[in-house]
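For the sequence shown, the tail end lands on 292 under the numbering used here, and the numbers increase by one without skipping. Don't be surprised by glycine CBs; every beta carbon is placed ideally from N, CA and C.
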Amino acid sequence: MDIRTVGVVGAGQMGNGIAHVFALAGFDVTMTDISQDALTASVEKIAQNLDRQVGRAKLTEAERDAAMARISTTPTLTDLGKLDLIIEAATEKEVVKHAIFAELLPHLGPQTILTSNTSSISITRLASQTDRPERFMGFHFMNPVPVMQLVELIRGIATDSATYDALEAVVAKLGKTSASAEDFPAFIVNRILMPMINEAIYTLYEGVGSVKSIDTSLKLGANHPMGPLELADFIGLDTCLAIMNVLHDGLADTKYRPCPLLTKYVEAGWLGRKTDRGFYDYRGEFPVPTR
Ligand SMILES: NC(=O)c1ccc[n+]([C@@H]2O[C@H](COP(=O)([O-])OP(=O)(O)OC[C@H]3O[C@@H](n4cnc5c(N)ncnc54)[C@H](O)[C@@H]3O)[C@@H](O)[C@H]2O)c1
Numbered sequence: 002m003d004i005r006t007v008g009v010v011g012a013g014q015m016g017n018g019i020a021h022v023f024a025l026a027g028f029d030v031t032m033t034d035i036s037q038d039a040l041t042a043s044v045e046k047i048a049q050n051l052d053r054q055v056g057r058a059k060l061t062e063a064e065r066d067a068a069m070a071r072i073s074t075t076p077t078l079t080d081l082g083k084l085d086l087i088i089e090a091a092t093e094k095e096v097v098k099h100a101i102f103a104e105l106l107p108h109l110g111p112q113t114i115l116t117s118n119t120s121s122i123s124i125t126r127l128a129s130q131t132d133r134p135e136r137f138m139g140f141h142f143m144n145p146v147p148v149m150q151l152v153e154l155i156r157g158i159a160t161d162s163a164t165y166d167a168l169e170a171v172v173a174k175l176g177k178t179s180a181s182a183e184d185f186p187a188f189i190v191n192r193i194l195m196p197m198i199n200e201a202i203y204t205l206y207e208g209v210g211s212v213k214s215i216d217t218s219l220k221l222g223a224n225h226p227m228g229p230l231e232l233a234d235f236i237g238l239d240t241c242l243a244i245m246n247v248l249h250d251g252l253a254d255t256k257y258r259p260c261p262l263l264t265k266y267v268e269a270g271w272l273g274r275k276t277d278r279g280f281y282d283y284r285g286e287f288p289v290p291t292r
């Protein structure tokens with residue numbers, strides 16, 4: 002299947018990164034969002050990020066202009082119906098995603114592939130409520146999309162091989178690398194990464210080390226580019242807690258229980274970088290550990 006036109010539903014941090022990389026790779030991209038402000042901000046953000054790449058000599062001005070010309074926006078979800086590939090990157094709530102697919106379905110061409118960028122919701126369950134579970138997949142980009150090399154490809158139980166092969170070819174055209182994951186809670190990256198972050202928080206909670214000593218240990222002792230607590234703040238502590246809850250509920254194993262200290266930070270509204278405070282306080286010139 003030849004995929005040329007792509008619809009992105011949800012113009013948040015993931016949607017704008019996804020639109021950016023597809024437009025640069027030569028696909029025509031149409032973005033939609035329930036918020037006109039989000040659509041406007043997203044196009045501005047893509048322009049800024051492309052300008053930054055031009056500034057670093059990673060792109061020419063002509064490539065930037067061609068990419069921007071391939072991006073359009075619409076407030077009307079059903080305008081995406083005739084496109085070859087839909088990537089749903091809206092808010093991580095199952096009811097929101099079901100409602101988006103239900104509204105789109107009557108307008109879709111028979112060949113359109115539907116995908117979701119969800120970090121945790123069952124692909125099989127999302128697919129089962131559409132008319133095309135064989136052409137439905139998990140298409141999991143990493144944040145920030147223009148920088149991160151990996152895309153997880155997640156088959157639902159009914160996904161056919163033509164759909165998988167088509168998306169694998171799309172990932173190659175983006176210049177990224179795919180990894181295949183089965184449809185179990187949190188797939189591969191978050192299944193491994195989140196318990197490590199949660200264990201780092203237990204290590205802090207039990208007083209084995211301070212924020213600084215835990216992050217320094219993993220950076221210099223395991224060669225990680227960021228410490229686990231610094232990384233948790235970058236991802237968002239609410240997101241970390243949500244993914245631990247998906248693992249705990251979905252796999253029913255106590256080894257996935259979220260650390261009470263993680264819950265406490267989330268209850269305090271200390272969600273990491275996005276709220277200026279998490280395991281570090283970002284309000285001053287330099288991040289300062291909060292424990
Ligand atoms: N943030 C991450 O690190 C990350 C990484 C990988 C995958 N994801 C997944 O990507 C998806 C989006 O996450 P995000 O971080 O970009 O969220 P975000 O909050 O930045 O953006 C979500 C956007 O969806 C829009 N939206 C909500 N309901 C909608 C609807 N009915 N129709 C159209 N648009 C709608 C919102 O207005 C918002 O602009 C989620 O499924 C999330 O799990 C996030």
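Rounded distance between the beta-carbons of residue j and residue i, thought under 8 Å
i: P226; j: G18; result: Going by Cβ atoms, the distance from P226 to G18 rounds to 19 Å, so no, they are not a contact pair.
i: T116; j: I88; result: 5 Å
i: H141; j: F185; result: Not a contact, Cβ separation roughly 13 Å.
i: Y266; j: L238; result: 5 Å
i: T164; j: R126; result: At roughly 17 Å, the Cβ-Cβ gap does not stay under 8 Å, so T164 and R126 are not in contact.
For residue i, the three-state DSSP class (helix, strand or coil)
i: S120; result: coil
i: M197; result: helix
i: E183; result: coil
i: H141; result: strand
i: T264; result: helix
i: A81; result: According to the sequence shown, residue 81 is Leu rather than Ala. Helix, per DSSP.
i: I202; result: helix
i: I87; result: strand
i: I158; result: coil
i: L106; result: helix
i: I101; result: helix
i: T60; result: What sits at residue 60 in the sequence shown is Leu, not Thr. Of the three classes helix, strand and coil, the one that applies to L60 here is coil, per DSSP.
i: H225; result: coil
i: E169; result: helix
i: F188; result: coil
i: L242; result: helix
i: K220; result: helix
i: I4; result: coil
i: E231; result: helix
i: K256; result: helix
i: P134; result: helix
i: L40; result: helix
i: V209; result: coil
i: V96; result: helix
Sheet register partners of residue i (DSSP bridge)
i: D282; result: R278, V289
i: I72; result: V30
i: E45; result: In DSSP, E45 forms no bridge with anything.
i: G273; result: R278
i: E153; result: H141, A180
i: I114; result: L86
i: V10; result: T33, E89
Test item: CB-CB of residue i and residue j under 9 Å
i: D85; j: M2; result: yes
i: L81; j: L25; result: no
i: R274; j: D234; result: yes
i: K98; j: I122; result: yes
i: P261; j: H249; result: no
i: S129; j: V152; result: no
i: L51; j: H21; result: yes
i: A182; j: G139; result: yes
i: N118; j: M15; result: yes
i: T291; j: G279; result: yes
i: A12; j: S43; result: yes
i: S120; j: T240; result: yes
i: R156; j: I124; result: yes
i: M245; j: N199; result: yes
i: G285; j: T276; result: no
i: G170; j: I47; result: A small fix is needed here, since residue 170 is Ala in this sequence, not Gly. Against a cut-off of 9 Å, the Cβ pair of I47 and A170 comes out as no contact.
i: K174; j: G27; result: yes
Ligand 2 heavy atom lying under 8 Å from the CB of residue i
i: G82; result: Judged by which ligands are present, ligand 2 is missing from the structure shown, whose ligands are ligand 1.
Pairing CB atoms from the region 246 to 255 with CB atoms from the region 202 to 220, are three or more of them under 8 Å?
These segments do not touch.
Are the region 67 to 74 and the region 99 to 111 in contact at 8 Å, needing three or more beta carbon pairs?
No, the region 67 to 74 does not touch the region 99 to 111.
Say whether the region 25 to 34 touches the region 5 to 12, bearing in mind that this needs 3 or more beta-carbon pairs closer than 8 Å, one atom from each stretch.
The region 5 to 12 and the region 25 to 34 touch, with three or more beta-carbon pairs separated by less than 8 Å.
Does the count of Cβ pairs from the region 162 to 178 and the region 196 to 210 closer than 8 Å reach three?
By the Cβ test, the region 162 to 178 is not in contact with the region 196 to 210, since fewer than three Cβ pairs between them sit closer than 8 Å.
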